Ligand SMILES: *Cc1c(COP(=O)(O)O)cnc(C)c1O
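Numbering (this note's numbering), first residue to last: 3 to 401.
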């Protein structure tokens, strides 16, 4: 039997012909990122009909970003990926407006951008593409399993414009140079460090550890509109901001997103974080209890790999359950209502349930759908999780 969705007023998804999915995957661009906080929605609605002087709005945003991050300055852009491209571009051009217009043709030889090989991830697009878009030339540092100080030191030359450091569960989680050492080596040679902290709750720590610029997604844990928050040293932030007259134009952010993410940042500062954690823990407990009697299923708490104050439930799926991990994930996604789990490691025999994007009542629906799906009969139970099938579908878009 289909579960009734909890009443939240009108569900525009039905009007748009969309499935009313429940997101236990995380803050995923492909699923609409996060639940926007009411403060952001109100600010966006309030500014939508007004004219504003955008540079001045961005000045006001700079003050909010500075207050929340401890940075000298900041601005709002379309996304974290845009912020990376604009920060790299700023490190290459400085405040030379002609150079800004000429990118991605770089003004001189100083265009190399260092990045540890284990940080060369894809978050839906490869991070090195944000560097190349900005006219940067990627210089990989170390190997996929080990990077040491001498790798970084020897990669720095008079051609080096910047170094990018990625904080993410996607990166290799061992053997890499840590941020304080990375910053110390770069600082000694005058190389600015740009940190991709898209998904990190810690708004102050990366700058405090010595980074020159830290970049966040506005639409992830902050619960703002789709946007990116660039924070850091004033000269570098200004040079990045100037890219709005160049490559940043195609990454334009509007007044509504600037005002929305300012409101989300202010709301973050006063949010009941302990209350949120308790609510997330209650969902994890509920799911663990629902799964414990089921044969072939083992659930355990998995702390966030980068130290965000967020636990998930790792669900190990053995054949006695009648499913593969990918098959169970697919069956849940095909259910009513569809439940989308965090399945990027499904080939290892597990997936995760992420509790940070739930509306009231959804944790209970997920618990029921888990039990019903595993007990019920479903197609594709031993689905191997062929990722090419999704690509084949994409290549048929919009059909
Ligand atoms: C999500 C993510 C990005 C991309 O952020 P957008 O704001 O969607 O562009 C970049 N880096 C990491 C580590 C991410 O997790």
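Built from N, CA and C at the ideal position, the CB exists for glycine as well.
Please read all numbers here as calculations on a predicted model, not as lab measurements.
Item                                                                                                                                                                                : Value
Which of helix, strand or coil does DSSP assign to residue 398?                                                                                                                     : coil
Can you tell me where the alpha helix (DSSP H) with residue 152 in it begins and where it stops?                                                                                    : 151 to 157
Can you tell me whether DSSP reads residue 52 as helix, strand or coil?                                                                                                             : coil
For residue 3, collect the residues of the same chain with a Cβ closer than 7 Å to its Cβ; drop the 5 residues on either side in sequence, then sort them by chain order.           : At residue 3 the pLDDT is 43, less than 50, meaning the model places this residue with poor confidence; the figure from the coordinates comes in the next sentence. Excluding residues within five positions, none has a Cβ falling inside 7 Å.
In this structure, how does DSSP classify residue 402 when only helix, strand and coil are distinguished?                                                                           : The shown model of the chain, from 3 to 401, leaves out residue 402, and the question about it has no answer.
To which residues of the same chain is residue 93 closer than 6 Å at the C-beta, ignoring the five residues directly before and after it?                                           : 163, 164 and 194
In whole angstroms, give me the CA-to-CA distance for residue 241 and residue 102.                                                                                                  : 9 Å
In its own chain, which residues sit with a C-beta less than 8 Å from the C-beta of residue 306, not counting the 5 before and 5 after it?                                          : 171, 312, 313 and 314
Would the beta-carbon of residue 31 be found less than 6 Å away from any heavy atom of ligand 1?                                                                                    : yes
Report the CB separation of residue 212 from residue 189 in whole angstroms; it is logged as a contact under 8 Å.                                                                   : 6 Å
Among 136, 125 and 295, whose alpha-carbon lies nearest the alpha-carbon of residue 112?                                                                                            : 136
Measuring only the C-alpha atoms, how far is residue 160 from residue 246?                                                                                                          : 27 Å
Let me know the secondary structure DSSP gives residue 3 once reduced to three states.                                                                                              : Reliability of the predicted coordinates at residue 3 is poor, the pLDDT of 43 falling under 50, and no value is obtained from them.
Pick from 108, 18 and 176: whose alpha carbon is nearest that of residue 138?                                                                                                       : 108
Leaving out five residues on either side along the sequence, give the residues of the same chain with a beta carbon under 6 Å from the beta carbon of residue 265.                  : 41, 42 and 45
Looking at residue 203 and ligand 1, is the gap between the Cβ and the nearest heavy atom below 6 Å?                                                                                : no
Residue 328 and residue 385: beta carbons closer than 7 Å?                                                                                                                          : yes
What alpha helix (DSSP H) runs, 4 residues minimum, are completely inside the region 187 to 211?                                                                                    : 207 to 210
Between the region 272 to 287 and the region 354 to 371, can you find at least three pairs of beta-carbon atoms closer than 8 Å?                                                    : yes
Going by the beta-carbon positions, is the gap between residue 24 and residue 297 smaller than 7 Å?                                                                                 : no
Report the three-state DSSP secondary structure of residue 264 (helix, strand or coil).                                                                                             : helix
Given a threshold of 16 other Cβ atoms within 10 Å of its Cβ, counted over all protein chains shown, does residue 227 qualify as buried or as exposed?                              : buried
Cβ atoms of residue 39 and residue 269: under 7 Å apart, would you say?                                                                                                             : yes
Under 7 Å between the Cβ atoms of residue 176 and residue 199?                                                                                                                      : no
Closest to residue 157 by CA distance: which of 319, 168, 144 and 210 is it?                                                                                                        : 144
With 16 as the cutoff for other CB atoms within 10 Å, does residue 147 come out buried or exposed?                                                                                  : exposed
Using only alpha-carbon positions, find the residue among 52, 309, 154 and 62 that is nearest to residue 169.                                                                       : 309
So for residue 2, helix, strand or coil by DSSP?                                                                                                                                    : The requested residue 2 is not part of the displayed model; the chain covers only 3 to 401.
Give me, in chain order, the residues of the same chain whose beta-carbon lies closer than 6 Å to that of residue 205; leave out the 5 immediate sequence neighbours on both sides. : 70 and 71
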